[in-house]
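In the working numbering, the protein residues as written are 165 to 367. We put the beta carbon where it would ideally sit given N, CA and C, even for glycine. What follows is a short report on a single structure.
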């Protein structure tokens with residue numbers, strides 16, 4: 165950064181006065197033609213010039229510090245606003261993520277509850293099927309027993325064959341249920357009645 169003009173002039177004056185004073189002190193007052201009483205004003209002038217330079221330097225540094233402080237404040241404010249915006253964005257994202265997680269958890273819980281309900285219904289249906297299967301087997305066994313009993317009771321039982329005339333058939337009571345006109349029993353046997361046999365014997 166370029167130095168101000170006043171500061172350059174003050175530094176030049178201080179350097180000149182300091183050089184003259186040093187030469188005067190080192191060579192003696194007689195050679196320079198400076199009277200002993202003139203050194204004190206020269207020293208005071210040098211001190212005043214130095215103080216002026218210091219003051220100007222301090223003012224310049226203060227201005228630079230203020231400018232730097234203002235720049236730092238602006239940078240800090242900009243960063244603070246950026247951080248606030250980022251925090252708000254992160255808060256919104258976290259809220260959205262939390263909402264998604266809650267929704268997902270509810271869906272998972274509902275799915276598990278549905279699976280448990282289906283498993284319970286399947287177990288109940290399996291138990292009911294086993295009960296119905298047992299009842300069906302029992303009913304089938306009872307039905308088979310009754311069918312066997314009914315079939316045994318319908319069989320014709322004859323100790324002796326019936327005596328019928330030649331060409332006579334058995335009564336129609338033995339006809340089957342499906343074909344009433346068709347005889348489902350044993351074939352009719354031709355047996356001669358006892359009266360005819362007695363007549364043949366006497367003749």
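Exposed unless 16 or more other CB atoms sit within 10 angstroms - verdict on residue i
i           : result
residue 276 : exposed
residue 249 : exposed
residue 239 : exposed
residue 279 : exposed
residue 213 : buried
residue 217 : buried
residue 165 : Unreliable positioning characterises residue 165 in this predicted model, as indicated by a pLDDT of 47, which lies under 50. The coordinate reading is nonetheless provided below. When all chains shown are included, residue 165 counts as exposed.
residue 314 : exposed
Same chain only: Cβ atoms within 7 angstroms of residue i, ignoring 5 sequence neighbours per side
i           : result
residue 228 : none
8 angstroms CB neighbourhood of residue i in its chain, flanking five on each side removed
i           : result
residue 343 : At residue 343 the pLDDT is 48, less than 50, meaning the model places this residue with poor confidence; the figure from the coordinates comes in the next sentence. There are no such residues.
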